[in-house]
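The next block holds one structure in the form of structure tokens; read it before the comments.
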Amino acid sequence: MRILVTGGAGYIGSHTCLELLESGYELTAIDNLNNSKQESLRRVEHLTGKSLDFYKADLLDTAALSAAFAAHPVDAVIHFAAYKAVGESVAKPLEYYQNNVAGTINLLQVMREHGCKNLVYSSSCTVYGQAKEVPITEESPTAAAESPYGWTKLMTEQIMRDLYKSDPTWNIILLRYFNPVGAHPSGEIGEDPTGIPNNLLPYITQVAVGRLQELKVYGGDYPTPDGTGIRDYIHVVDLA
Numbered sequence: 571m572r573i574l575v576t577g578g579a580g581y582i583g584s585h586t587c588l589e590l591l592e593s594g595y596e597l598t599a600i601d602n603l604n605n606s607k608q609e610s611l612r613r614v615e616h617l618t619g620k621s622l623d624f625y626k627a628d629l630l631d632t633a634a635l636s637a638a639f640a641a642h643p644v645d646a647v648i649h650f651a652a653y654k655a656v657g658e659s660v661a662k663p664l665e666y667y668q669n670n671v672a673g674t675i676n677l678l679q680v681m682r683e684h685g686c687k688n689l690v691y692s693s694s695c696t697v698y699g700q701a702k703e704v705p706i707t708e709e710s711p712t713a714a715a716e717s718p719y720g721w722t723k724l725m726t727e728q729i730m731r732d733l734y735k736s737d738p739t740w741n742i743i744l745l746r747y748f749n750p751v752g753a754h755p756s757g758e759i760g761e762d763p764t765g766i767p768n769n770l771l772p773y774i775t776q777v778a779v780g781r782l783q784e785l786k787v788y789g790g791d792y793p794t795p796d797g798t799g800i801r802d803y804i805h806v807v808d809l810a
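Structure below.
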């Protein structure tokens, strides 16, 4: 069985590729390498002693996507590729809608053309908005998004629901997770953003090793006992 992973060279994608190879799956990884490095996939191959097929391609490039599907018939797709910085999405909403929404539509069309209708979609906890009740479960209602990034996830989930209603032969899982942290026990792969980190843990580690000068803490008026923010985290290997 062959799995195609979009965003395969990224933080979560590379850990997922490793787990899939170790579980015996054949693997195709697609990534445009805008915020990732192919080196992570080379390390995955080294750690597992197995090879995968890599295509440097953008989801908006229909021809490149089709070529990847045609070269190696795909049974299922795990879709991680997306822009993910909340703050940046506010400054660049059109880029986020084009990449995250239009890119996903393009992927779905190529999947349909090649007879692949099994999909795990990397959504986000942002679809819950400011939840009125905690803990949040899979049955918790979604809410209006608070950023263009959040809206891209809500919109894409709705597109997939509509697709399933029109053709129930699709199998689609919406994976809503919170903040992934950590790295593979080998230390060979982990979160190493090419620019300034958008997530807390890599920011802390870059300050610790001297790449960045200081850690800035934003906000002291959250509705918490001491006014500081509270976040839920999941280890990236557990997620993969």
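Going left to right, the sequence shown walks through residues 571 to 810 as our numbering numbers them. Ideal Cβ positions, reconstructed from N, Cα and C, are used throughout, including at glycine. The structure displayed is predicted, hence computed values, not measured ones.
Whole angstroms is fine: what's the gap from T598's alpha carbon to V614's?
For the purposes of this step, residue 598 is taken as residue 28 along the sequence shown, with counting starting at 1. For the purposes of this step, residue 614 is taken as residue 44 along the sequence shown, with counting starting at 1. Looking at the two C-alpha atoms, the distance is approximately 13 Å.
Hey, A651 and A638: beta-carbon distance below 9 Å or not?
Translated into positions along the sequence shown, residue 651 becomes position 81. Translated into positions along the sequence shown, residue 638 becomes position 68. No.
Starting from K786 and walking both ways along the alpha helix (DSSP H), at which residues does that stretch end?
Numbered from its first residue, the sequence shown carries residue 786 at position 216. Here K786 belongs to no alpha helix (DSSP H), and DSSP marks it neither H nor E.
Once DSSP output is grouped into helix, strand and coil, what is the label at R613?
For the purposes of this step, residue 613 is identified with residue 43 of the sequence shown, where counting begins at 1. R613 falls in the helix class under three-state DSSP.
Can you check DSSP and say which residues form a bridge with S692?
Locating residue 692 in the sequence shown gives position 122, where the first residue counts as 1. As computed with DSSP, S692 is found in a beta bridge with L745.
Where does F650 fall in DSSP's three states?
Residue 650 sits at position 80 when you count from the first residue of the sequence shown. Coil, per DSSP.
Given this structure, state the Cα-to-Cα distance separating L664 from K723, to the nearest angstrom.
Reading the sequence shown from its first residue, position 94 is the one you call residue 664. Reading the sequence shown from its first residue, position 153 is the one you call residue 723. So the two alpha carbons sit approximately 14 Å from each other.
Which residue marks the beginning of the alpha helix (DSSP H) containing A778, and which one marks its end?
Taking the sequence shown and counting its residues from 1, one reaches residue 778 at position 208. From DSSP, the alpha helix (DSSP H) with A778 extends over L770 to A778.
Can you tell me where the alpha helix (DSSP H) holding L635 begins and where it ends?
Indexing the sequence shown from 1 puts residue 635 at position 65. Per DSSP, L635 belongs to the alpha helix (DSSP H) from T632 to A641.
One question on the structure: do S692 and I582 come within less than 9 Å of each other, judged by their Cβ atoms?
Taking the first residue of the sequence shown as 1, we reach residue 692 at position 122. Taking the first residue of the sequence shown as 1, we reach residue 582 at position 12. Cβ distance < 9 Å, so S692 and I582 count as in contact.
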